[in-house]
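Contents: one structure, followed by commentary.
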C-alpha cells in the first residue's frame, strides 16, 4: 500500500504502533508534542537531515538501514557532548507512491538504534514530498556534567579516538563501484557502529574537547582546531588499516588513508585530554594538540579530499 | 550568491550570525549539539516540516514569512501543551542554486517568531536537496504544570477557543485565485498570529484538553474527540465571520464557514474546560463536549472538506 493510500494519520498509526518506548518518555507520539524527562535541568539537542540521493540510496540500504544511519548520526552528536540520548523526533517527507512498508521499516531502524542507548522515538511529522527526506532531532541528558564542547582543546593535550574510521567511506566506495562486498565495509556504511557510551566516559575522564567524526577525521579535527584556536597533528601510524580495507583499497585503486583520514559517517568519537589522563584501552591516542592552526598528518598537510561536501 | 557557492559552513556562519540568542540558551549553534535550560526537569518537544509547493510557495511568501510560519507551527504545538517554548532547531534542505539571501531571511523570520515567546534558534543542519524543505523542532518548558493533552476532555466540558480561525485559509484561497488582497487575510496566511501565552494560561485555568488548530477546527476538534472518547459539538454562531472575510468569500464564491470550520494554519488554541471556569475574554466558548463520538456543527455533520490533506 502506498503512503498516499495509507494517508497521514493511517501511516502515523502504523508507524507509531511499531515504536518501542523508553522509561524517559513521559508522553510519546500522538499529541501536539512529546514530553521527555530532562532530570539534569538542561537538555542537549541536535538535528541532522538525510536526503535521498545525497545521504542514502534505496538500492544500497534497506529502510531499516536508513533508520539506523539517521538515528546514529544524531545519537552520536549527543554522545559527542558527553551526554546520554533520551529521545528522537523524526520529520519524514515521502513521495506519495512510496510503499508504506518502507516507512514502517525505517521506524524499526530508528527505534532499534535509539534503544541501544535507552532512548525512544517520541514524536515527529510526516508530509508528502518529491524528495524522500528524513530529519531527525535527538535530545540528551548531561547527568550533571558540563558539556564537552569543541572549543576547549589546549596545546599539549593528547588527541584520542574511540570507534572506527574509514569503514563507512570504504563501504560507500565499494557500493558506488557496483560491488556488495567486503561485507564488513558495506555493513559499516549501512549501519554505523557508534561507541555511544564512550562520550559520557570521555566527559568523566576530563576530556577538554570532543566531536564525532561525521564529515571525516581531518575535517572534524579541523572543527576542533578552529574552535579551540589550536593546531592538531595526527599520527598516521596510529591508524591501523585492517586487512579487508587494505585489500579493497588495492583492488579499487584507492589510498586507504583517504578513507581513514577523510571518510566520515562511522561516527567515531575524537576527544582531547590533558596529558597524563589514563585512558581505557578503547581510546587510542592518535595525535596531539599544538600551538598554531590547522590539521596535519605526521606534521604535513594531507593531500587529497579532506571531508564530505554538503552541497 | 548561491548556497552552493557559499558552501555549507559559509552559509551556516552567515545564518547563525543573524540569529538572536535567549537567556535559556546555554550553548547555541556551532557545536555537535545545543544545550538549553530545562528547569522543569521535563522537556516538551515537537517537530513540523514544511515542503515547498505543499506548505508554502516562494512566489506567495517571502523567506522571512516562511520562517515565521515554520516557527509558528511548532511554537503553537508547544503552547497547546500548556508549555512555554524555549528553543528551535532547524533542518534546512535547499536547492544548490537557491540564493543564500533566502536562507538568511528565513533565519530572520524563524528568529523573530521565536523571540516572541523568549525562545531562540539553537541549532540545526543544512543539506542540498532538489526540494526546498524546512523541518523545525521546538522545545518547551512546562514550569511545573502537568501537560494538557488531547485525551482529557469530559462530557459536560465547555469548548473554548483563543485566536483566529479561517483567516489563513481565506488568505490561501485568495492567493491561489491570483489575488493579493484583502491584505488582512493574505498577511494572516503569511504570518499567523498565534496567542502563544494563552496555552500556559489555559493550563493554569484547568483546561482538561487542548490542541492548536493546524489542520482545521473540525479536524483538530476531531483529534480531541477521538483521543478523549467523547463527542464535540461546535456552535456556528460562536464564530463571527469578519466583514473582509465575508466579502472575499462572496467574491470568490466560497462558503466562509468552510474557511472558519475547516481551514487550518492560524494556530488558534482550542481547549476544553470544566463548566464554571471563569474564562478571560479572549477565550470564547464555541461548543461543548458530549457523550458519544465525532464532531458536529450545530448538532449536524459538517458538509464539505474538514481539514488539510497531508499527502
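Residue numbers (our numbering), protein chains in the order written: chain A, 1 to 311; chain B, 1 to 311. Quick reminder that beta carbons are idealized off the backbone N, C-alpha and C, glycines included.
> Are residue 143 of chain B and residue 39 of chain B touching if we call contact CB-CB under 9 Å?
Replying inline: Taking C-beta atoms as the reference points, residue 143 of chain B and residue 39 of chain B count as a pair closer than 9 Å.
>> Once the 5 residues before and after residue 221 of chain B are set aside, which same chain residues still bring their CB inside 6 Å of it?
In response: If we look at residue 221 of chain B and ignore the five residues flanking it on each side, its Cβ neighbours are 232 and 295.
>> Determine, for residue 81 of chain A, whether the minimum Cβ-Cβ distance to residues of chain B falls below 9 Å.
In response: Output row for residue 81 of chain A: interface = yes.
> Do we get a CB-CB distance below 9 Å when we pair residue 293 of chain A with the residues of chain B?
Replying inline: Chain B, which has no Cβ nearer than 9 Å to the Cβ of residue 293 of chain A, makes this no.
> Mapping DSSP to helix, strand and coil, what is residue 183 of chain B?
Replying inline: DSSP, read as helix, strand or coil, puts residue 183 of chain B in helix.
> Which residue from A:107, A:213 and A:169 puts its Cα closest to that of residue 252 of chain A?
Replying inline: Cα-wise, what sits closest to residue 252 of chain A is A:169.
> From the beta carbon of residue 23 of chain B, is the nearest beta carbon of chain A less than 9 Å away?
Replying inline: Closer than 9 Å: no.
>> Mapping the DSSP letters down to three states, classify residue 176 of chain B as helix, strand or coil.
In response: It is helical.
> Which residues in chain A sit within 8 Å of residue 54 of chain B, going by Cβ to Cβ distance?
Replying inline: Residues of chain A with a Cβ closer than 8 Å to the Cβ of residue 54 of chain B are, in chain order, 127, 128 and 129.
>> Considering only the alpha carbon of each residue, which of B:84, B:35, B:101 and B:32 lies closest to residue 2 of chain B?
In response: Nearest neighbour of residue 2 of chain B by Cα position, chosen from B:84, B:35, B:101 and B:32, turns out to be B:101.
> Relative to chain A, which residues along the region 27–41 of chain B have a C-beta separation below 8 Å, given in chain order?
Replying inline: Flagged, chain order: 27, 30, 31, 32, 33, 34, 35, 36, 37, 38, 39, 40 and 41.
>> Can you list, in chain order, the residues of its chain with a C-beta nearer than 8 Å to that of residue 132 of chain B? Leave out the 5 residues immediately preceding and following it.
In response: Cβ contact annotation for residue 132 of chain B (same chain, cutoff 8 Å, sequence separation greater than five): 51, 52, 58, 93, 94, 95 and 98, in chain order.
>> Suppose you measure from the CA of residue 310 of chain A to the CA of residue 49 of chain B; what does that come to, to the nearest Å?
In response: Summary for residue 310 of chain A: the model assigns pLDDT 48, below 50, so the residue's position carries little reliability; its value from the coordinates is reported in the next sentence. One C-alpha to the other measures close to 20 Å.
> Mapping DSSP to helix, strand and coil, what is residue 111 of chain B?
Replying inline: In the three-state reduction of the DSSP assignment, residue 111 of chain B falls in the helix class.
> Are residue 106 of chain A and residue 36 of chain A touching if we call contact CB-CB under 9 Å?
Replying inline: No.
> Is it buried or exposed for residue 250 of chain A, if we count other Cβ within 10 angstroms and need 16 for buried?
Replying inline: That one is exposed.
> residue 124 of chain B: buried (16+ other C-beta within 10 angstroms of its C-beta) or exposed?
Replying inline: With 16 or more other Cβ atoms within 10 Å, it is buried.
>> Output needed for residue 86 of chain B: all residues of its chain with C-beta closer than 7 Å, excluding positions within five of it in sequence on either side, in chain order.
In response: Excluding residues within five positions, the ones whose Cβ falls inside 7 Å are 24, 36, 37, 119, 139, 140 and 141.
> Can you find at least 3 beta carbon pairs, one from the region 65–80 of chain A and one from the region 152–159 of chain A, that sit closer than 8 Å?
Replying inline: Flag = no, the region 65–80 of chain A and the region 152–159 of chain A do not touch.
> Counting contacts by CB-CB distance shorter than 9 Å, is residue 122 of chain A in contact with chain B?
Replying inline: It does; some Cβ of chain B falls within 9 Å.
>> Tell me the residue span of the beta strand (DSSP E) that contains residue 264 of chain A.
In response: Neither: residue 264 of chain A is in no beta strand (DSSP E) and is coded neither H nor E.
>> Please return the same chain residues whose Cβ sits closer than 7 Å to the Cβ of residue 277 of chain A, not counting the five positions on each side in sequence.
In response: Taking C-beta separations shorter than 7 Å and ignoring five residues to either side along the sequence, the partners of residue 277 of chain A in its chain run 205 and 206, following chain order.
> Tell me which same chain residues have a C-beta within less than 7 Å of the C-beta of residue 7 of chain B, skipping the five on either side of it?
Replying inline: Within the same chain, residue 7 of chain B has no close Cβ partners at all.
>> Just list the residues that DSSP pairs residue 37 of chain B with in beta bridges.
In response: The secondary-structure analysis by DSSP pairs residue 37 of chain B across a beta bridge with A:42.
>> For a cutoff of 9 Å on Cβ pairs, would you count residue 227 of chain B as touching chain A?
In response: With its beta carbon less than 9 Å from one in chain A, residue 227 of chain B belongs to the interface.
> Where DSSP assigns a beta bridge to residue 160 of chain B, which residues make up the other side?
Replying inline: BP columns for residue 160 of chain B point to B:271 and B:285.
> What residues in its chain sit with their C-beta under 7 Å from that of residue 110 of chain B, if we drop five residues either side in the sequence?
Replying inline: Cβ-Cβ distances below 7 Å link residue 110 of chain B to 67, 70, 71, 88, 90 and 121 in the same chain, with the five nearest sequence neighbours on each side left out; the list follows chain order.
> Taking 9 Å as the CB-CB limit, is residue 57 of chain A close to chain B?
Replying inline: Residue 57 of chain A does not count as touching chain B.
>> For residue 180 of chain A and residue 301 of chain A, what's the separation of their Cα atoms in angstroms?
In response: Linking residue 180 of chain A to residue 301 of chain A through their CA atoms gives a straight-line distance of about 33 Å.
> Hey, is residue 107 of chain A close to the ligand PLP, as in C-beta under 8 Å from one of its heavy atoms?
Replying inline: Only the bare structure without any ligand can be found here, which leaves the ligand PLP out of the picture.
> In chain A, which residues lie with their C-beta within 7 Å of the C-beta of residue 147 of chain B?
Replying inline: Within chain A, the residues whose beta carbon sits less than 7 Å from that of residue 147 of chain B are 27 and 35, listed in sequence order.
> What residue does the alpha helix (DSSP H) around residue 207 of chain B start on, and which one ends it?
Replying inline: That residue, residue 207 of chain B, is in no alpha helix (DSSP H); it is neither H nor E in DSSP.
> In chain order, what residues of the same chain have a beta carbon less than 8 Å from the beta carbon of residue 45 of chain A, not counting five sequence neighbours either side?
Replying inline: Hits under 8 Å: 137, 138, 139 and 140.
> Apart from the five residues just before and just after residue 47 of chain A, which ones in its own chain have a Cβ nearer than 6 Å to its Cβ?
Replying inline: Non-local beta-carbon contacts of residue 47 of chain A in its own chain, meaning distances under 6 Å to residues more than five positions away in sequence, involve 137 in chain order.
> In whole angstroms, what is the alpha-carbon distance linking residue 60 of chain B and residue 27 of chain B?
Replying inline: Straight through space, the alpha carbons of residue 27 of chain B and residue 60 of chain B are spaced by roughly 35 Å.
> Run through DSSP, which three-state label would residue 125 of chain B get?
Replying inline: In the three-state reduction of the DSSP assignment, residue 125 of chain B falls in the strand class.
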